[in-house]
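Trainee: Numbering (this note's numbering), first residue to last: 357 to 621.
Glycine residues also receive a C-beta, built at the ideal position from the N, C-alpha and C atoms.
Please read these numbers as outputs of a predicted model, since none were measured by experiment.
(1) Return the residue from the list 451, 409, 443, 459 that minimises the CA-CA distance to residue 426.
(2) Taking contact to mean 3 or more Cβ pairs, one atom from each stretch, closer than 8 Å, check whether the stretch 529-536 and the stretch 575-590 are in contact.
(3) If I'm right that residue 413 touches residue 467 with Cβ under 8 Å, what's the distance once you round it to whole angstroms?
(4) Could you check the C-alpha separation between residue 580 and residue 473 for me, to the nearest Å?
(5) State the Cα-Cα distance for the pair residue 502 and residue 469, rounded to the nearest angstrom.
(6) For the beta strand (DSSP E) containing residue 484, list its first residue and its last residue.
(7) Roughly how many angstroms lie between the CA atoms of residue 611 and residue 550, to the nearest whole one?
(8) Measure the CB-CB distance between residue 555 and residue 521 and report whether it falls below 7 Å.
(9) Let me check understanding here. Comparing Cα to Cα, which of 540, 523, 515, 618 lies closest to residue 495?
(10) So what does DSSP say about residue 587, is it helix, strand or coil?
(11) Residue 456 by DSSP, collapsed to three states: which one?
(12) Would you tell me roughly how many angstroms separate the C-alpha atoms of residue 442 and residue 395, rounded to the nearest one?
(13) Which residues does DSSP pair with residue 517 in a beta bridge?
(14) Could you give the residue range of the beta strand (DSSP E) that holds residue 554?
(15) Determine the DSSP secondary structure at residue 572, reduced to helix, strand or coil.
(16) How is the alpha helix (DSSP H) around residue 378 delimited, first residue to last?
(17) Leaving aside the five residues before and after residue 365 along the sequence, list all residues of the same chain whose C-beta is less than 8 Å from its C-beta, in chain order.
(18) CB residue 454 to CB residue 517, shorter than 7 Å?
(19) Residue 559 bridges to which residues according to DSSP?
(20) Using 10 angstroms around the beta-carbon of residue 448, count the other beta-carbons present and answer buried if the total reaches 16, otherwise exposed.
(21) Do residue 588 and residue 359 have their beta-carbon atoms positioned less than 7 Å apart in this structure?
(22) Name the DSSP beta bridge partners of residue 451, please?
(23) Please return the same chain residues whose Cβ sits closer than 7 Å to the Cβ of residue 600, not counting the five positions on each side in sequence.
(24) Spatial neighbours of residue 568 within its chain, please: C-beta separation below 7 Å, excluding the five flanking residues on both sides.
(25) Can you name the residues that DSSP bridges to residue 392?
(26) Between the Cα of residue 631 and those of 547, 444, 421, spot the shortest distance and give me the residue it belongs to.
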């Protein structure tokens, strides 16, 4: 399945959503089946989140969520409180929720999230995402950091969100002499969701065009044969607003992604 991320600031704004209509239609025409609602913060009103979800599901998309967790003690509330209006009547078989690691005990947080999912029989998976930097802001291999947390959690409803652009940033910044460097096989074996975007220098979340850099086929090759999650485009439209519309950016990126996946099939 392929999908796209759409930013959300906590308030359902119908006019703002209408601005994305050409982009949504373009993506759907090119085969996108899923929308990731990006940046669902713990303090967001569940009713506003539900309005956004209804808008996208009425459009014919499935949903995934990019949420947040701040600590082991607050993880369950952080992730699930803003989703309290959508989970009881979820209009799909399962929901993936992606979260960033924080500077602390991520294994404890993931375990609490997993326990909550099991206790409440929720059709939910949690994906811990590799970031550009370590959670404390230092340079480092966040892919191995999150792999360690996911391995220690060792639950079937917890896996990895492989952010290809963040990993490429890590390689270019820390190992420019190894441009072909890939995450470990064990990392790939735990991936259940993806964030896909290209780089402009060391700046992330650009479209998949020749102008920007992303060795897409190389990064997807170890994953594509057995992956059953979402190949999700995560673009920051404001970064290239002067040169490309959201609809055009998604169109060219969807075509690049589909071409890469077709070549690997």
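Mentor: Taking the definition as stated:
(1) The candidate whose alpha carbon is nearest that of residue 426 is 459.
(2) No, because fewer than three Cβ pairs between the stretch 529-536 and the stretch 575-590 fall closer than 8 Å, the two stretches do not touch.
(3) Residue 413 to residue 467, Cβ: 30 Å. No contact.
(4) 27 Å
(5) Residue 502 and residue 469: Cα-Cα distance of roughly 15 Å.
(6) 480-485
(7) Residue 550 has its alpha-carbon roughly 17 Å from the corresponding atom of residue 611.
(8) yes
(9) 523
(10) strand
(11) coil
(12) Answer to the nearest angstrom: the Cα atoms are 16 Å apart.
(13) 485, 549.
(14) That run of the beta strand (DSSP E) goes 554-556.
(15) helix
(16) For residue 378, the enclosing alpha helix (DSSP H) stretches over residues 377-385.
(17) Non-local beta-carbon contacts of residue 365 in its own chain, meaning distances under 8 Å to residues more than five positions away in sequence, involve 395 in chain order.
(18) Cβ atoms of residue 454 and residue 517: closer than 7 Å.
(19) 556
(20) The residue is exposed, with fewer than 16 neighbouring Cβ atoms inside 10 Å.
(21) Yes.
(22) 480
(23) 563
(24) 554, 555, 556, 562
(25) 361, 420
(26) Missing from the structure shown is residue 631; the chain here goes from 357 to 621 and no further.
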